[in-house]
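Colleague: In our numbering, the protein residues as written are 82 to 509. Ideal Cβ placement from N, Cα and C applies to all residues, glycine included. My structure is below; once you've seen it, I'll send some questions.
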Ligand code: NDP
């Protein structure tokens, strides 16, 4: 990738940006023609969901400056919120100057569950399940032979007993978990088929009755971690020294560790980046969000997903781990034209590489948000971009949008009524 073509990318117009991406080698000239056809056709959308009426669109932009595991990336993000892409790119720019993101991706093992109730003899049921473990795994694999042929499939079984709770009025459950390698797929349908395929057999083995069979979106065996290391001379901001920014940023991380009210907002910022890439790549962002927030509560309290600490030499070290059961195939990934466009832009990453990209964007987003929060505050940067949305909401069109946004930035109250008043002023 020739990054020289991407200088001042944010100042270019839409066509110039696309041309710059082609010149840099990130897209081909064929993609320029395709961008016109990225919209979902009614026929396609009608086959994706039920009762389809119209398509709800989101802007898809790109975050720049990402250096992940020694490789440069231009990252597609689908999001309606202003300033997220700018913040990700700004954070990534600083981190790229100090070696970029380093990622570690675990084995991609997904979890399926069968919940059994009314099991008369739990110790007997457990030992019978363990005795027949190989048969259970075989039955699961027989239910979805194509994933086995590809080299994946069910590999292990675990049993959990959830005690009855008289106070809550909940009964006892015997949970059978299968660990399944779904290779390049997120695997929801693969696993659901397998779990339903073993349900009757598990009822026979346990003498219990199945309540449900489905994958768990709490993908604790499919974790992605990113770290970054930033020297303090890259952290200086306005009147704050690099050391002060580092220490305040570490304290911000500590606050989000101990205070759930802060942790939720801290993690929402991380998910701004993660969900936008998950969505652009055609993956299931509800699954990723649900799993990430559950992972944030794994200690029994909802906490920050990221940690920030001081290295021995004084550098700032950031780390983020999240479950990321995304796929490079399956679901709407191979159907949605914008997801296909994202794939080309990212150079057809494998599911593991996509995890590396997504977790790095989450960390960049968190770094930028915390850095702004502990220095000038979040509103300065955010409202600068928000000004344009306000101008449009006030009814500005064409060149008036920029005019109103500019005046709004220096207005005492940046709000809709000021935007409307400014638009009226311009028009008279
Ligand atoms: P699919 O049902 O699309 O299955 C993946 C497909 O990819 C299979 O058909 C498989 O083909 C094919 N494939 C091709 N190459 C590979 C490869 N290298 N590795 C793995 N598979 C390959 O998708 P998923 O099972 O991943 O399910 C994801 C979808 O399920 C998402 O749309 C999600 O929204 C939805 N969903 C989510 C739920 C949840 O999260 N709780 C619940 C239900 C649905 P072959 O069959 O030939 O092996």
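What's the call for residue 140, buried or exposed, on a 16-neighbour Cβ count within 10 Å?
Modeller: As a working note, residue 140 is residue 59 in the chain shown. The residue in question, residue 140, is exposed, as its Cβ has fewer than 16 Cβ neighbours within 10 Å.
Colleague: Looking at C-alpha atoms only, which residue of 504, 331, 477 and 418 is the closest neighbour of residue 129?
Modeller: Counting from 1 along the chain shown, the entry for residue 129 is found at position 48. For the residues 504, 331, 477 and 418, the minimum Cα distance to residue 129 belongs to 418.
Colleague: Residue 390 lies in the beta strand (DSSP E); which residues open and close that run?
Modeller: Residue numbering aside, residue 390 sits at position 309 when the chain shown is read from its first letter. Counting along the chain, the beta strand (DSSP E) containing residue 390 begins and ends at 387–391.
Colleague: Return the Cβ separation of residue 190 and residue 260 in integer angstroms, given the expectation that the two are a contact with Cβ distance under 8 Å.
Modeller: One-based indexing of the chain shown puts residue 190 at position 109. One-based indexing of the chain shown puts residue 260 at position 179. Right, the Cβ-Cβ distance comes to about 5 Å (below 8 Å), so this counts as a contact.
Colleague: Go through the stretch 90–171 residue by residue and report every complete run of the alpha helix (DSSP H) that reaches 4 residues or more, in order.
Modeller: With a minimum length of 4 residues, the continuous alpha helix (DSSP H) runs that stay inside the stretch 90–171 are 95–104, 110–115 and 123–129.
Colleague: I'd like to know whether the C-beta atoms of residue 283 and residue 195 end up nearer to each other than 8 Å.
Modeller: As a working note, residue 283 is residue 202 in the chain shown. As a working note, residue 195 is residue 114 in the chain shown. Contact: yes.
Colleague: Count the other CB atoms within 10 Å of the CB of residue 342; is the residue buried (16 or more) or exposed (fewer)?
Modeller: Taking the chain shown and counting its residues from 1, the one referred to as residue 342 is at position 261. That one is exposed.
Colleague: In this structure, does DSSP put residue 225 in helix, strand or coil?
Modeller: The sequence position of residue 225 within the chain shown is 144, counting from 1. In the structure shown, residue 225 sits in coil (DSSP, three-state: anything other than H, G, I, E or B).
Colleague: Report whether the distance from the Cβ of residue 434 to the nearest heavy atom of the ligand NDP is below 7 Å.
Modeller: The residue you call residue 434 lines up with position 353 of the chain shown. No, the ligand NDP has no heavy atom inside 7 Å of this Cβ.
Colleague: Give every residue of the same chain whose Cβ lies closer than 7 Å to the Cβ of residue 262, excluding the five residues on either side of it in the sequence, and list them in chain order.
Modeller: The residue given as residue 262 occupies position 181 in the chain shown. Closer than 7 Å at the Cβ level, and outside the excluded window around residue 262, lie 189, 190, 233, 234 and 236.
Colleague: Report the rounded CA-to-CA distance for residue 145 versus residue 182, giving the unit in angstroms.
Modeller: Counting from 1 along the chain shown, the entry for residue 145 is found at position 64. Counting from 1 along the chain shown, the entry for residue 182 is found at position 101. The alpha-carbon atoms of residue 145 and residue 182 are separated by roughly 14 Å.
Colleague: Kindly indicate the opening and closing residues of the alpha helix (DSSP H) around residue 313.
Modeller: Indexing the chain shown from 1 puts residue 313 at position 232. Careful: residue 313 lies outside any alpha helix (DSSP H) and carries neither H nor E.
Colleague: Please determine, among 101, 408 and 107, the residue with the shortest C-alpha to C-alpha distance to residue 422.
Modeller: Here residue 422 corresponds to residue number 341 of the chain shown, with the count starting at 1. Cα-wise, what sits closest to residue 422 is 107.
Colleague: Should residue 91 go down as buried or exposed, given a rule of 16 or more other Cβ atoms within 10 Å for buried?
Modeller: Mapped onto the chain shown, residue 91 falls at position 10. Residue 91 should be labelled exposed.
Colleague: Count the CB pairs spanning the stretch 289–303 and the stretch 269–276 that are closer than 8 Å, and state whether there are at least three.
Modeller: yes
Colleague: Have a look at 382, 329 and 499 and flag the residue whose alpha-carbon is nearest the alpha-carbon of residue 451.
Modeller: Start at 1 with the first residue of the chain shown, and residue 451 comes out as number 370. Closest option to residue 451, Cα to Cα, is 329.
Colleague: Between the Cα of residue 122 and the Cα atoms of 288, 113, 134 and 495, which residue gives the shortest distance?
Modeller: As a working note, residue 122 is residue 41 in the chain shown. Cα-wise, what sits closest to residue 122 is 134.
Colleague: Let's test the definition: count the other Cβ atoms within 10 Å of the Cβ of residue 204 and tell me whether it reaches 16, buried, or not, exposed.
Modeller: For the purposes of this step, residue 204 is taken as residue 123 along the chain shown, with counting starting at 1. Classification for residue 204: exposed.
Colleague: Helix, strand or coil for residue 211 per DSSP?
Modeller: Reading the chain shown from its first residue, position 130 is the one you call residue 211. The answer is helix: DSSP assigns residue 211 an H, G or I state.
Colleague: Figure out for me which residue from 101, 373, 309 and 100 has the closest Cα to the Cα of residue 390.
Modeller: Against the chain shown, residue 390 aligns to sequence position 309. Residue 309 is the option with its Cα nearest to residue 390.
Colleague: Just confirm the distance between the C-beta atoms of residue 403 and residue 305, as a whole number of angstroms; I'd bet it's less than 8 Å.
Modeller: Locating residue 403 in the chain shown gives position 322, counting from the first residue. Locating residue 305 in the chain shown gives position 224, counting from the first residue. Right, their Cβ atoms sit about 6 Å apart.
Colleague: Could you pull out every unbroken alpha helix (DSSP H) segment of at least 4 residues lying fully inside the stretch 261–305, listed in chain order?
Modeller: 269–287
Colleague: Mapping DSSP to helix, strand and coil, what is residue 429?
Modeller: Stepping through the chain shown from its first residue, residue 429 is reached at position 348. Residue 429 falls in the coil class under three-state DSSP.
Colleague: Is the stretch 215–233 touching the stretch 154–172, taking contact as three or more C-beta pairs under 8 Å?
Modeller: no
Colleague: What residue from 99, 94, 93 and 86 has the CA that sits closest to residue 105's CA?
Modeller: Along the chain shown, one-based indexing puts residue 105 at 24. Taking only the C-alpha atoms, the option nearest residue 105 is 86.
Colleague: Is it the case that the CB of residue 310 approaches a heavy atom of the ligand NDP more closely than 7 Å?
Modeller: If you number the chain shown from 1, residue 310 lands on position 229. Incorrect: residue 310 has no Cβ contact closer than 7 Å to the ligand NDP.
Colleague: Between the Cα of residue 425 and the Cα atoms of 411, 307 and 109, which residue gives the shortest distance?
Modeller: The residue given as residue 425 occupies position 344 in the chain shown. The shortest Cα separation from residue 425 among 411, 307 and 109 belongs to 109.
Colleague: Compute the distance between the beta-carbons of residue 385 and residue 334, then report whether it is under 8 Å.
Modeller: As a position in the chain shown, residue 385 is number 304, starting the count at 1. As a position in the chain shown, residue 334 is number 253, starting the count at 1. Yes, Cβ-Cβ distance for residue 385 and residue 334 is below 8 Å.
Colleague: Buried or exposed for residue 231, please, with buried defined as at least 16 other CB atoms from any protein chain shown within 10 angstroms of its CB.
Modeller: The residue you call residue 231 lines up with position 150 of the chain shown. By the neighbour-count criterion, in which 16 or more other beta carbons inside 10 Å mark a residue as buried, residue 231 falls on the exposed side.
Colleague: In the DSSP output, what is residue 241 paired with across the bridge?
Modeller: Counting from one through the chain shown, the residue named residue 241 turns up at place 160. Per DSSP, 256.
Colleague: Does the Cβ of residue 266 lie closer than 7 Å to at least one heavy atom of the ligand NDP?
Modeller: Sequence index remark: in the chain shown, residue 266 carries index 185 (1-based). Yes, the ligand NDP has a heavy atom inside 7 Å of this Cβ.
Colleague: How many angstroms separate the CA atom of residue 192 from the CA atom of residue 496?
Modeller: As a working note, residue 192 is residue 111 in the chain shown. As a working note, residue 496 is residue 415 in the chain shown. Near 47 Å, if we compare the C-alpha coordinates of residue 496 and residue 192.
Colleague: Might you give, ordered along the chain, the residues of its own chain that have their beta carbon closer than 6 Å to the beta carbon of residue 229, omitting 5 neighbours on each side?
Modeller: As a position in the chain shown, residue 229 is number 148, starting the count at 1. 222, listed in sequence order.
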